[in-house]
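The working numbering numbers the first residue of the sequence shown as 105 and each following residue consecutively. Quick reminder that beta carbons are idealized off the backbone N, C-alpha and C, glycines included. Everything numeric in this text was worked out from a predicted model, so none of it was measured. These notes are about the structure you will find just below.
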Amino acid sequence: MFHETWITEVLRTTLGRIYHAIKTMSTSSLPTSNLVLIEMLEVRNTLVLGFNNCSGRMQNSSGELTDCFKDEHVLLISVQNAMSTLDRFLLKSYLLLSIPLILDPRYKLVYVENLLKNFQSILKNAPSVDLVSKVGEKFRELFTEYKTQGIETDYNNESNATEHANHIHEMDVDPSIQGNGSTLQLTEQGNTSSQEHMRELEAYLQDETVPLDQVDFDILKWWKNNCGRYPTVARIARDFLAIPTSGRPSPQLMAEITSHFRRYA
Numbered sequence: 105m106f107h108e109t110w111i112t113e114v115l116r117t118t119l120g121r122i123y124h125a126i127k128t129m130s131t132s133s134l135p136t137s138n139l140v141l142i143e144m145l146e147v148r149n150t151l152v153l154g155f156n157n158c159s160g161r162m163q164n165s166s167g168e169l170t171d172c173f174k175d176e177h178v179l180l181i182s183v184q185n186a187m188s189t190l191d192r193f194l195l196k197s198y199l200l201l202s203i204p205l206i207l208d209p210r211y212k213l214v215y216v217e218n219l220l221k222n223f224q225s226i227l228k229n230a231p232s233v234d235l236v237s238k239v240g241e242k243f244r245e246l247f248t249e250y251k252t253q254g255i256e257t258d259y260n261n262e263s264n265a266t267e268h269a270n271h272i273h274e275m276d277v278d279p280s281i282q283g284n285g286s287t288l289q290l291t292e293q294g295n296t297s298s299q300e301h302m303r304e305l306e307a308y309l310q311d312e313t314v315p316l317d318q319v320d321f322d323i324l325k326w327w328k329n330n331c332g333r334y335p336t337v338a339r340i341a342r343d344f345l346a347i348p349t350s351g352r353p354s355p356q357l358m359a360e361i362t363s364h365f366r367r368y369a
């Protein structure tokens, strides 16, 4: 009869969490990148628990180089290596992984900020940059970029539609009056549009989140139904949720982390 030791418990818990992450990110019929950050941090939390378990057991050990002690030492190094691998990935990719999660109406910016705050607080060699401030800053910069693209598109479409009509009357209007009037009108339109778009961003971030317990939530369908309410944010969601973060790179990373434990298989 199998008797579970603390070593097999650490392995079962860690590998089970990795399996759950791979399943969540890879088996959906419509895989999107919105949940990758959550799954990665859950795996890291499990690794931290395993590392603390190993450390505590070894501190209580007599230190004799028995076979059991050697196994404990090797497992501790394996967990530590897995944590280092995952930390490097998260510090390199946290911005890319954060934006899709912000675009998930069940979580949004505040949730992501709390995740990153907790992550940075437990890093031994935390980066000098504030991850929380950085992700909020970059998301607003991204919104401004999309907003500007939208304004330019709308203005170009309007200009093309009225070009011939304006040409008919251009000889009957004083050029100086025409120029000043057009500039003033465009400036007023730009200012009004900018204010409306910023209100859109704040509305999305502050509006009530979708309940986490909503059954069969479809994020792509949600954005399709709400694109009129948040048009600029919806365009960001269209582009960033399509990033195949959950298709190949994440399972490959999980496989690399799992490889640290293969000696116990």
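Per DSSP, reduced to three states, the secondary structure at Gly332 is coil, with no helix or strand assignment.
In the DSSP assignment, Val319 falls outside any alpha helix (DSSP H) and carries neither an H nor an E.
In this structure, the beta-carbon distance from Leu305 to Ile323 does not fall below 8 Å.
About 6 Å separates the beta carbons of Val140 and Met129, which is inside the 8 Å limit, making them a contact pair. Comparing alpha-carbon positions, the option among Gly254, Phe321 and Glu312 lying closest to Arg339 turns out to be Gly254.
Contact check between the segment 324 to 337 and the segment 106 to 124: fewer than three CB pairs, one atom from each, fall below 8 Å, which does not count as touching.
Our two residues, Phe243 and Thr313, have alpha carbons roughly 18 Å apart in a direct line. No Cβ-Cβ contact shorter than 8 Å links Cys158 with Leu194. For Arg161, the CB contacts under 7 Å within the same chain, skipping 5 residues up- and downstream, are Trp110 and Glu176 in chain order.
Going by DSSP, Asn218 is part of the alpha helix (DSSP H) stretching over Lys212 to Ser225.
If you ignore the 5 residues before and after Lys238, its C-beta comes within less than 8 Å of the C-beta of Leu199, all in its own chain and listed in chain order. If you draw a straight line from the Cα of Leu119 to the Cα of Thr112, it comes to about 10 Å. In the DSSP annotation of this structure, the continuous segment of the alpha helix (DSSP H) that includes Val114 starts and ends at Trp110 to Ser130. Buried is the label assigned to Asn138, since at least 16 other Cβ atoms lie within 10 Å of its Cβ.
A distance below 7 Å between beta-carbons, with the five flanking residues on each side excluded, links Ile206 to the following residues of its chain, in chain order: Lys212, Leu213, Val216 and Phe243. Taking the Cα positions, Val233 is about 26 Å away from Val337. The Cβ atoms of Leu220 and Asp191 do not sit closer than 8 Å to each other. Of Phe223, Pro209 and Met302, the smallest CA-CA separation from Asp311 is found for Pro209.
When Lys325, Arg303, Ser202 and Asp320 are compared, the shortest CA-CA separation from Ile142 is found for Ser202. As the crow flies, the alpha-carbon of Asn156 is around 12 Å from that of Met187. Here the alpha carbons of Val152 and Ser197 stand approximately 20 Å from one another.
Thr117 has its alpha-carbon roughly 8 Å from the corresponding atom of Gly154.
Assignment of Asn229 by DSSP, reduced to helix, strand and coil, places it in the coil class. Looking from the CA of Gly240, the closest CA among Lys127, Thr150 and Leu309 belongs to Leu309.
Taking 8 Å as the cut-off, the Cβ atoms of Ile347 and Pro231 do not count as close. Taking C-beta separations shorter than 7 Å and ignoring five residues to either side along the sequence, the partners of Thr150 in its chain run Thr117, Thr118 and Arg121, following chain order.
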